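Below is one structure; the comments refer to it alone.
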Amino acid sequence: MRKPLTSLLIIALLAAWGSLGWVLYIHSPSKAAASDTQPQRIVSLTPDVTEIIYALGLGDKVVGVSTYCDYPPEAAAEPNVGTYWEPDMEAIVSRRPDLITGERSSKSDVLQRLSRMGYQTASLKMDSIADMMAAIDTLAHLTGHMQQRAELDRSFALKLAAVSDTVSGRPRPKVLWVVQSEPLRVAGRNTFVNEIIELAGGQNAIGPTTMAYPPLGIEQVLGAGVDVIIQPAMAGAVPLEQQQSNADRLWQKWPAIPAVRTGSIYVVPPDTVSRLGPRLPMGVEMVARLLHPRCFTDDEGSSE
Amino acid sequence: MRELLTKKQLLTNMAVASVVLLCAMLACSLIGSQQISVLNVLKGPGVTAGANPDYEIFVRIRVPRVCLAVIVGAALACAGAVFQGMLRNPLADPYILGVSSGAGLGAMIAIVLGIGAGFLGLSSQSVLAFCGAMGSVWLVWLVGRFAGMGQITPLLLAGVVVNAFLSAIIMFITAVARSQDVLASVLWLMGNMTEQSAIVLWLGATLIAAGIILLVRLTPQMNAISFGEEEAIALGVNTRRVRFLTFVVSAFITAVAVSLSGLIGFVGLIVPHAVRLVFGPDHRQLLPMSCVVGAVFLLIADTIARVIVAPAQLPVGVVTAIAGGPFFLFLLCRYTRKVSLLNK
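These protein sequences, in sequence, are chains A and B.
Per the working numbering, the first sequence starts with residue 44, numbered consecutively.
Per the working numbering, the second sequence starts with residue 706, numbered consecutively.
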């Protein structure tokens, strides 16, 4: 038999626990209100957005970056707050940020979590060049750097126009863009890489696919008649030349591919083509030089 | 021969364990990648977000994570103890009846379809993981009952096969999904401790505590069943009802834990074994003691995970396995000569 005192205690405990829940429910935080003052302390969690922030001349306001933010070099010197998908929340908060930026992605809910804590966040969609221009616009509006944004837009358009003028009217070689060689995975049509290929005067060797970066059988590669194979180098200890000779050896098995016959297999430095950022025109020019080497050797002298 | 468990001894052991747990909670909330001062924390929040980072770190990041580790650790260890006893299988863990793959599939669907909306600060991932976990357990239970008429082996086999089948579907989705979605779900599958909002923690704690209390009240019957089905029936235990209740409640608290923190391995397997080795197989003590030890274990593992390679963060499952494995082997060698593993 239970004593009445015990029952009373249990009821009191339950009531206290229940009211705690009620208080927590009422005080459960909602979205942070957008601040009307311009951010002075920015933490950027993805390298593409970091590059945009520096290109907008906001470098002196950056107080923290992710492990992978290595460009420009000043960015890499800022305090490291972990990776985007496994961030060190304590390190982020200890930087006392008033704006936290990152790419909108299913990889990480860190921006939502920070937003629930009351921080102003900018979650930027970065899937295409148009998205990147919109992201530049958003950041410029948030920080009041509209002047720099206009300059950035202008130089971006100028550089791209220069490349497209050079390669216009040339036949468009079919490009296979290898993002992973074993097993083979390539860039499909619905990617910003596809935009780079098109701007550089090429065309994607593979047709529309449901996946953005589909895995591909060698049969499909043989059928596509690939003229050029481009493979961004993997970051890591293996030097670029080594990766190039590995790729050459790997493809030698398939001399039926036009790109293998002509030796048009290129391992390229990844930063300007694998990262959707303000350095994109440099990447486009690099690819254009690989696809149309003659155009560039011809007018190198005149453009200098 | 071990002497019988007295009520006084049980209460003393539990009181000591609870004090250890409270000390561990206090210590772990003072440890982190950032140095914070308790005085600054006591000053309270500033006027704007970010005015007092020490307070923010302590109240918004560390304390929620410490609470989450305690809740999840207790739930997994308790469910593991129940499954090991009721299935009479030392390899049983909380995920054995399909919870892990069901939850994994649910979370993966939420990530790949990009369902954003949750409620009360719970992500859609958590909600779908919970539904997937309960769904797969229900399926296993149904098949096991249909095939086995109350026997254990068909239930175990159904669990293994459903796990394999759902894992294959997860692999299929991995093969066709966008690569960044895959990374997100792999990280989730490895265990995902984040600072949940207070109301979510409250809800999780309430559900799990209710489940644990119910299970602890069933421990005398569990003891009877662990002697054998017939003996239990002879002692007047409704074995079918007890078995059903313990499975449903254990699966439920496991599903709640998984939806809060992803799949954290090892806690539910080794903590009950360790407790059994040290304190003996009596469920009346095994269950509550496993809860407390599981909570302390996961708490310490999570603290190590967030501090040891800061600012990089380790998945907590890596720490539970690396730290827990050798320690468990030590216990195994030290105590197995005294007590047999499952009181057979």
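Every residue, glycine too, gets a C-beta built ideally from N, C-alpha and C.
Treat the numbers as computed from the prediction; the structure is a model and nothing was measured.
Item                                                                                                                                          : Value
Inter-residue CB distance, Gln246(A) and Arg215(A) (contact presumed, cutoff 8 angstroms)                                                     : 5 angstroms
Short Cβ contact (8 angstroms threshold) for Ala838(B) with Val972(B)                                                                         : no
Simplified DSSP state of Tyr309(A), which is helix, strand or coil                                                                            : strand
For Pro275(A) and Leu992(B), the rounded distance between their alpha carbons                                                                 : 55 angstroms
Exposure label - Lys296(A); buried when at least 16 CB within 10 Å                                                                            : exposed
Where Ile272(A) falls: helix, strand or coil (DSSP)                                                                                           : strand
Straight-line Cα distance separating Ala880(B) from Asn868(B)                                                                                 : 18 angstroms
Arg192(A): CB within 7 angstroms of a non-hydrogen atom of the ligand SAM                                                                     : Of ligands this structure carries none, so the ligand SAM is not represented either.
Closer than 8 angstroms to chain A by CB, Ser828(B)                                                                                           : yes
Contacts of Asn247(A) in chain B (Cβ-Cβ under 9 angstroms)                                                                                    : Under the 9 angstroms cutoff, chain B gives no residues; its nearest Cβ is about 17 angstroms from Asn247(A).
Extent of the continuous alpha helix (DSSP H) run through Leu735(B)                                                                           : Segment: none, Leu735(B) is in no alpha helix (DSSP H) and carries neither H nor E.
Within 8 angstroms, strictly: CB atoms of Cys112(A) and Ser87(A)                                                                              : yes
Interface partners of Arg765(B) on chain A, CB under 8 angstroms                                                                              : Val136 and Met160
Length of the line joining the Cα atoms of Ile801(B) and Val866(B)                                                                            : 10 angstroms
Neighbour list for Ala661(B) in chain A, Cβ cutoff strictly below 9 angstroms                                                                 : Chain B is shown only over 706 to 1049; residue 661(B) falls outside these bounds and no answer can be derived.
DSSP beta-bridge partners of Gly107(A)                                                                                                        : Val86(A)
At least three beta-carbon pairs within less than 8 angstroms, the stretch 990 to 1009 of chain B to the stretch 114 to 123 of chain A        : no
Chain-ordered chain B contacts of Tyr111(A) [CB-CB under 9 angstroms]                                                                         : Ordered by position in chain B, no residue passes the 9 angstroms Cβ test against Tyr111(A), which lies about 11 angstroms from the chain.
Cβ separation of Thr126(A) and Thr110(A), assumed to be a contact under 8 angstroms, to the nearest whole Å                                   : 5 angstroms
3 or more residues per run - each beta strand (DSSP E) lying fully within the stretch 995 to 1040 of chain B                                  : none
Residue-chain proximity (Trp893(B), chain A), Cβ-Cβ < 8 angstroms                                                                             : no
Rounded straight-line distance, which links the Cα of Thr959(B) to that of Trp846(B)                                                          : 15 angstroms
Spatial distance of Cys1038(B) from Gly985(B) (CA atoms)                                                                                      : 15 angstroms
Assumed close pair Val998(B), Ala979(B) - CB separation to whole angstroms, cut-off 8 angstroms                                               : 7 angstroms
Alpha-carbon to alpha-carbon, Pro336(A) and Glu343(A)                                                                                         : Legend: pLDDT at Glu343(A) = 48, less than 50; position of this residue unreliable, no value from coordinates given.
Straight-line gap, Glu194(A) to Leu265(A) (C-alpha atoms, nearest Å)                                                                          : 44 angstroms
Near-chain A residues of the stretch 726 to 747 of chain B - C-beta to any C-beta below 7 angstroms                                           : Gly737, Ser738 and Gln739
Cross-chain neighbours of Val881(B) in chain A, by beta carbon under 7 angstroms                                                              : Met254
Integer Cβ distance of Gly785(B) from Pro1020(B), believed to fall under 8 angstroms                                                          : That pair is no contact at about 20 angstroms.
Top-ranked residue by Cα proximity to Ala863(B), from Gly916(B), Met876(B), Ile913(B) and Leu792(B)                                           : Leu792(B)
Cutoff 8 angstroms: Ala780(B) Cβ touching any chain A Cβ                                                                                      : no
contact_flag[the stretch 237 to 245 of chain A, the stretch 178 to 198 of chain A] where n(CB pairs < 8 angstroms) is 3 or more               : no
CB contact below 8 angstroms: Leu888(B) versus chain A                                                                                        : yes
Contacts around Lys1049(B), its chain only, beta-carbon distance under 7 angstroms, and the 5 residues preceding and following it disregarded : Below a pLDDT of 50, predicted positions are generally treated as unreliable, and Lys1049(B), at 43, falls in that range; the measurement from the model is reported next regardless. Nothing listed; no residue qualifies.
Whether Ala278(A) touches Val310(A) by CB criterion (8 angstroms)                                                                             : no
Where the alpha helix (DSSP H) containing Leu283(A) begins and where it ends                                                                  : Leu283 to Gln295
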